[in-house]
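Colleague: Supplied in structure tokens, the structure appears directly below.
Numbering (my numbering), first residue to last: 791 to 1332.
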């Protein structure tokens, strides 16, 4: 794990500005440290020599100014690192979310939802520790330490040689400790990922487990994984304390060598007191950045590991070929022209051609496994496809997604109110629009301020399904989408509610929207203007 991953510079442009600002502040801090050591030395030496207070007062005043300046620079360094870190984390999280969208469900199929959530949430937050504590010390090591070594060597060559000879001991210990810490941190991150995945699986399957009376059997599993994570965390903390002790010991012994050499030469009269005291005050400051880097490394490893995982996702999305700009097609509805979808070399759909004009209710009806959902995913740009697919006159994936309002087989509701779920993604939700969407989705009995849990907990399957349909209808109206796609929207509805929703969909189609419903329910098929099958288009007179 590299101290500064070059991919941070590539995917988060604010990193460069943070590094540059940090280097300038560190340079000013180094100048303040040197000035402080010189002023203290001059005060002590002149006071011993019997200088009057009038001669010392300017030095006292300068020392006060330097102390205040060091405090201000310390605050500025923390502000720069905190603000820069927040900006970089925001940019990186944005890149990660964009990568999720570009990969789509197909590209993310082999990755755990819990792991992706962990990286985008806690993992990105952990980078704050990297920027607030670790990176400033890394900059100080690269900027401040060489300058202090040069100043010490210029004042006293012997002390400079001792400093150069002992400084490599700290990086050596850091490397040895870092290898062990990195391995322990990876195990801790893996344990946290396992805990997240296990907990998510238990929550997702809790209704089924409760139904069969097996929910209590999961307690031991969650307890065991939690204990493993606790153990891994304590191991990392123990290594952190031990490594801090080792680095402090190495630095203290190195400073002691310089102090002994200076003391012997002061006794022998071969070294002036002003030089010896000046060097002695600067020596600990030369070791300080390296010691702080080692101490802050442990606070940064979790964020660095999460960033590495994020880079893998971003780079995987970068490998997805960008679609060339395509001129708008004449048909503004939904068009499939010789479209095909394949997974791992196996054709799921091939040669599918159909058109759903504006003002038409079309039903895609075919047996399970015939590729209905794959065609929907291809229209949304979530999976690669052959042939041509256009929606709202656009053939590129982003253009099609802008033109389509969609609800899938899984409602995908979030914890919050029904209204918040319906207006999801709208920065200025409309209460009237939410109410109209719920009514059009045959869910007018659901109050917009009704609170539901994650996954629609608190609602029946049919209610959750209708809230998802209402969300699609809200997007359809608020963004004036010309195409509406619903995947099995009535599979959990009773006959009366299904009839009400179907009648609403026919009205939406008559208003000039191209409506495609994936279903093999008889009531939905009977209401269709056209019935689509993979490879077959049947006209139904209405």
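By construction, the Cβ of each residue, glycine as well, lies at the ideal position given by its N, Cα and C atoms.
1) Near residue 1252, which residues of its chain fall below 8 Å by C-beta distance, leaving aside the five closest residues on each side in sequence?
2) Below 6 Å CB to CB, which residues in the same chain sit around residue 885 once its five sequence neighbours on both sides are set aside?
3) If you follow the beta strand (DSSP E) that residue 1290 is in, where does it begin and where does it stop?
4) Mind reading off the beta-carbon distance from residue 946 to residue 1050? Whole number of angstroms is fine, and I expect it under 8 Å.
5) In chain order, what residues of the same chain lie with their CB nearer than 7 Å to the CB of residue 1076, ignoring the 5 residues before and after it?
6) Quick check: what's the CA-CA separation for residue 1128 versus residue 1106?
7) Residue 1243 to residue 890, Cα distance in whole Å?
8) Using the Cβ count rule (16 or more neighbours within 10 Å means buried), how would you classify residue 887?
9) Of all the options 955, 1145, 798, 1293, which has the alpha carbon lying nearest to the alpha carbon of residue 1180?
10) Does the count of Cβ pairs from the stretch 844–854 and the stretch 862–878 closer than 8 Å reach three?
11) Quick check on residue 824: buried or exposed, where buried means 16 or more other Cβ atoms within 10 Å of its Cβ?
12) Cα-Cα, which of 1259, 1213, 1308, 1265 is closest to residue 1291?
13) Give the range of the beta strand (DSSP E) segment to which residue 1136 is assigned.
14) Any idea what DSSP makes of residue 1061, helix, strand or coil?
15) Which full runs of the alpha helix (DSSP H) of 4+ residues lie inside the stretch 1123–1206, going along the chain?
16) Residue 831 and residue 1071: beta carbons closer than 8 Å?
17) Hey, residue 1322 and residue 1152 are a contact pair by Cβ (cut 8 Å); roughly how many whole angstroms apart?
18) Could you give the distance in angstroms between the alpha-carbon of residue 1169 and the alpha-carbon of residue 808?
19) Is the beta carbon of residue 949 closer than 8 Å to that of residue 1073?
20) Between residue 1279 and residue 1308, what straight-line distance do the alpha-carbon atoms span, to the nearest angstrom?
21) Does DSSP classify residue 1080 as helix, strand or coil?
22) With distance defined between alpha-carbon atoms, name the residue in 1300, 804, 1131, 1240 nearest to residue 1273.
23) Is the CB-CB distance between residue 856 and residue 818 below 8 Å?
24) Between which two residues does the beta strand (DSSP E) harbouring residue 1277 extend?
25) In whole angstroms, what separates the C-alpha of residue 861 from that of residue 925?
26) Using the Cα positions of residue 828 and residue 1055, report the straight-line distance between them to the nearest angstrom.
27) Quick one: grab the DSSP three-state call for residue 1335.
28) To the nearest angstrom, report how far apart residue 1023 and residue 812 are at their CA atoms.
29) So residue 1230 packs on residue 1294, CB below 8 Å; how close in whole Å?
30) Starting from residue 1320, trace the alpha helix (DSSP H) both ways and give me its first and last residue.
31) Can you find the residues in the same chain that come closer than 8 Å, C-beta to C-beta, to residue 1296, ignoring five residues on each side of it along the sequence?
32) Excluding the five sequence neighbours on either side, which residues of its own chain have a C-beta within less than 7 Å of the C-beta of residue 1234, listed in chain order?
33) Using CA atoms only, rank isn't needed, just tell me which of 864, 1048, 883 is closest to residue 922.
34) Give the C-beta separation of residue 1201 and residue 1257 to the nearest angstrom, bearing in mind that I take them to be a contact with Cβ-Cβ under 8 Å.
35) When the Cα atoms are used, what is the spatial distance from residue 1078 to residue 951?
Modeller: Looking at the atomic coordinates:
1) Position 462 of the chain shown holds residue 1252. For residue 1252, where only same-chain residues beyond five positions count, the Cβ hits under 8 Å are 1282, 1283, 1284, 1287.
2) Position 95 of the chain shown holds residue 885. Excluding positions up to five away in sequence, the list reads 801, 1104.
3) Against the chain shown, residue 1290 aligns to sequence position 500. First-last for residue 1290: 1285–1300, but that is the alpha helix (DSSP H), not the beta strand (DSSP E).
4) Here residue 946 corresponds to residue number 156 of the chain shown, with the count starting at 1. Here residue 1050 corresponds to residue number 260 of the chain shown, with the count starting at 1. That belief does not hold up - the Cβ atoms of residue 946 and residue 1050 are roughly 14 Å apart, past 8 Å.
5) Residue mapping note: residue 1076 aligns to position 286 of the chain shown, counting from 1. Taken in chain order, the residues that qualify are 935, 938, 939, 942, 953.
6) For the purposes of this step, residue 1128 is identified with residue 338 of the chain shown, where counting begins at 1. For the purposes of this step, residue 1106 is identified with residue 316 of the chain shown, where counting begins at 1. Looking at the two C-alpha atoms, the distance is approximately 28 Å.
7) Looking up residue 1243 in the chain shown gives position 453. Looking up residue 890 in the chain shown gives position 100. The straight-line gap from Cα to Cα measures roughly 24 Å.
8) Sequence index remark: in the chain shown, residue 887 carries index 97 (1-based). Exposed, because fewer than 16 other Cβ atoms sit within 10 Å of the Cβ of residue 887.
9) Translated into positions along the chain shown, residue 1180 becomes position 390. Of the listed residues, the one whose Cα sits closest to residue 1180 is 1145.
10) no
11) Position 34 of the chain shown, counting from 1, holds the residue named residue 824. When all chains shown are included, residue 824 counts as buried.
12) One-based indexing of the chain shown puts residue 1291 at position 501. Closest option to residue 1291, Cα to Cα, is 1259.
13) Here residue 1136 is taken as the residue at index 346 of the chain shown, counted from 1. It spans 1136–1146 - the beta strand (DSSP E) in which residue 1136 sits, taken as one unbroken run.
14) Position 271 of the chain shown, counted from the start, is the residue given in the question as residue 1061. Here residue 1061 sits in coil by DSSP.
15) 1162–1169, 1187–1193
16) Taking the first residue of the chain shown as position 1, residue 831 is located at position 41. Taking the first residue of the chain shown as position 1, residue 1071 is located at position 281. For residue 831 and residue 1071, yes; Cβs fall inside 8 Å.
17) Taking the first residue of the chain shown as 1, we reach residue 1322 at position 532. Taking the first residue of the chain shown as 1, we reach residue 1152 at position 362. With 8 Å as the limit, residue 1322 and residue 1152 qualify as a contact, their Cβ atoms being about 6 Å apart.
18) Translated into positions along the chain shown, residue 1169 becomes position 379. Translated into positions along the chain shown, residue 808 becomes position 18. Distance between the alpha carbons of residue 1169 and residue 808: 41 Å.
19) Within the chain shown, the letter at position 283 stands for residue 1073. Within the chain shown, the letter at position 159 stands for residue 949. For residue 1073 and residue 949, yes; Cβs fall inside 8 Å.
20) By one-based count along the chain shown, residue 1279 stands at place 489. By one-based count along the chain shown, residue 1308 stands at place 518. Near 8 Å, if we compare the C-alpha coordinates of residue 1308 and residue 1279.
21) Residue mapping note: residue 1080 aligns to position 290 of the chain shown, counting from 1. Looking at residue 1080 - three-state DSSP - the assignment turns out to be helix.
22) Here residue 1273 corresponds to residue number 483 of the chain shown, with the count starting at 1. With distances taken between Cα atoms, residue 1273 lies closest to 1300.
23) Within the chain shown, numbered from 1, the residue matching residue 856 stands at position 66. Within the chain shown, numbered from 1, the residue matching residue 818 stands at position 28. Their beta carbons are not under 8 Å apart, which means residue 856 does not touch residue 818 by this criterion.
24) Within the chain shown, numbered from 1, the residue matching residue 1277 stands at position 487. Its beta strand (DSSP E) spans residues 1273–1277.
25) Position 71 of the chain shown holds residue 861. Position 135 of the chain shown holds residue 925. When rounded, the distance between both Cα atoms is 19 Å.
26) Here residue 828 is taken as the residue at index 38 of the chain shown, counted from 1. Here residue 1055 is taken as the residue at index 265 of the chain shown, counted from 1. C-alpha separation (whole angstroms): 20 Å.
27) An answer regarding residue 1335 cannot be provided, because it is not within the stretch 791 to 1332 covered by the chain.
28) Locating residue 1023 in the chain shown gives position 233, where the first residue counts as 1. Locating residue 812 in the chain shown gives position 22, where the first residue counts as 1. Whole-angstrom Cα-Cα distance: 31 Å.
29) As a first step, residue 1230 is located in the chain shown; it is residue number 440 there, counting from the start. As a first step, residue 1294 is located in the chain shown; it is residue number 504 there, counting from the start. Their Cβ separation, rounded to whole angstroms, is 5 Å, which keeps residue 1230 and residue 1294 in contact under 8 Å.
30) By one-based count along the chain shown, residue 1320 stands at place 530. Residue 1320 -> not in any alpha helix (DSSP H); beta strand (DSSP E) instead, spanning 1320–1323.
31) Reading the chain shown from its first residue, position 506 is the one you call residue 1296. Taken in chain order, the residues that qualify are 1151, 1317.
32) Indexing the chain shown from 1 puts residue 1234 at position 444. 1228.
33) To locate residue 922, count along the chain shown from 1; it is residue 132. Among 864, 1048, 883, the Cα nearest to that of residue 922 belongs to 864.
34) Counting from one through the chain shown, the residue named residue 1201 turns up at place 411. Counting from one through the chain shown, the residue named residue 1257 turns up at place 467. Residue 1201 to residue 1257, Cβ: 6 Å. Contact.
35) One-based indexing of the chain shown puts residue 1078 at position 288. One-based indexing of the chain shown puts residue 951 at position 161. Near 18 Å, if we compare the C-alpha coordinates of residue 951 and residue 1078.
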